[in-house]
Structures are given as structure tokens and as C-alpha cells.
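Sequential numbering from 0 applies to the first sequence in numbering that gives the first Met the number 0.
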Amino acid sequence: MSRSPADSWYVNGPTQERIYLVVRQIPPGKVSTYGDIAAIVGDCTARMVGYAMAAARGDLPWHRVINAQGKISPRGDGGGEELQRARLEDEGIHFSDGKVDLKRVRWLGPSVEWKIANGFAPDPTWREK
DNA sequence: ATAATGACTGGGG
DNA sequence: ACCCCAGCCATTA
0 MSRSPADSWY VNGPTQERIY LVVRQIPPGK VSTYGDIAAI VGDCTARMVG
50 YAMAAARGDL PWHRVINAQG KISPRGDGGG EELQRARLED EGIHFSDGKV
100 DLKRVRWLGP SVEWKIANGF APDPTWREK
């Protein structure tokens, strides 16, 4: 088997589908963070979100997920970082000093109605520790 | 069975 | 600002 992010060598399990479902709700022009997504998904950590993004394919807007410092997270092989930034800038997101202004472009999450309808807890649960 | 590893984060020294 | 640590999943060697 070849080793590439497109393969399943660092996919993190069933939680991955819930992560993807939430990531798909991030609107263009907004970004979210690994930790924020994890909190919405519940029973999940920022790391798992990162692993899931690494395995992302297809139409998933993986580029809208960045780290809590407002920066594009460095990959081991560097792949995709430039593409991510380019796609965000195409959506109107401005980078200053390598960071986005999270206060302005941070997505606040899906509506409570959406969460309930899709089986997520109404309130975020932080599971980082 | 053990160890490495891959887009993380907040807290403490 | 920097370094260290815990927390935590799936897959591979």
C-alpha cells in the first residue's frame, strides 16, 4: 500500500464522520479551529480533528480549519499549506503576520437547532484534557 | 505486544 | 517568548 494522505493510514475512526459533518457547515469566508470543531463534535479532541483533516478528501472544506493561534498549521511534509492559504484568501480572508483575525472571521458554530437535529449536544463540550 | 506518528491546545515552569 | 506535558485515535512496522 502506498502512503499518502488519501489513504487511510491516519484516519481516526467513526468520530471522523461527525467531524466532517461539522466542518461542512463552516460557511465560505469564515474559519474554525481544531479545538472549536472538537468541542462541537463532543467526545473528541483537537488532535483528532487534525488527523481527520489530514485524511480529508473530496468536497470537504478542510481549508477552513486552522489552529487556535489563527495560523495555518504546519504539516510534516509541508503539503497543502499554500493551497490552504490561497483558498482562504480567495474567500476574502485576510492574513496579517501569517495569521487571520479570529475575532472577525471565526465561525461561531452551527445553530442550536441544527445541532439538536443532527445529534450533537446543544452546548459545546471541551474534551481537550 | 510496543513504539512511532499524523493539520492540536491550554496550562505551568 | 520558550519548553514541557497530558490528553487521545487509528494504523503501520
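In this text, a Cβ means the ideal position worked out from N, Cα and C, and glycines have one as well.
- Look at the beta carbons and you see the stretch 81 to 92 not touching the stretch 42 to 53: under three pairs across the two are nearer than 8 Å.
- Residue 56 is not a Cβ neighbour of residue 25, given a cutoff of 8 Å.
- If you draw a 10 Å sphere on the C-beta of residue 35, you find 16 or more other C-beta atoms in it, and that means buried.
- Residue 70: not part of any alpha helix (DSSP H); DSSP gives it neither H nor E.
- CA-CA distance, residue 46 to residue 33, rounds to 7 Å.
- Excluding sequence positions up to five before and after residue 124, its CB lies within less than 7 Å of the CB of 38, 41, all in the same chain and listed in chain order.
- Secondary structure at residue 29: coil, using DSSP grouped into helix, strand and coil.
- Between the beta-carbon of residue 78 and that of residue 99 there is about 20 Å, and that puts the pair past the 8 Å contact cut.
- Each residue's CA atom was taken as its position, placing residue 66 and residue 103 some 15 Å apart.
- Shown here, residue 92 sits in coil according to DSSP, grouped into three states, outside any helix or strand.
- Per the C-alpha coordinates, the member of 118, 122, 94 positioned closest to residue 107 is 122.
- Relative to residue 82, the option among 95, 61, 75 whose CA is nearest is 61.
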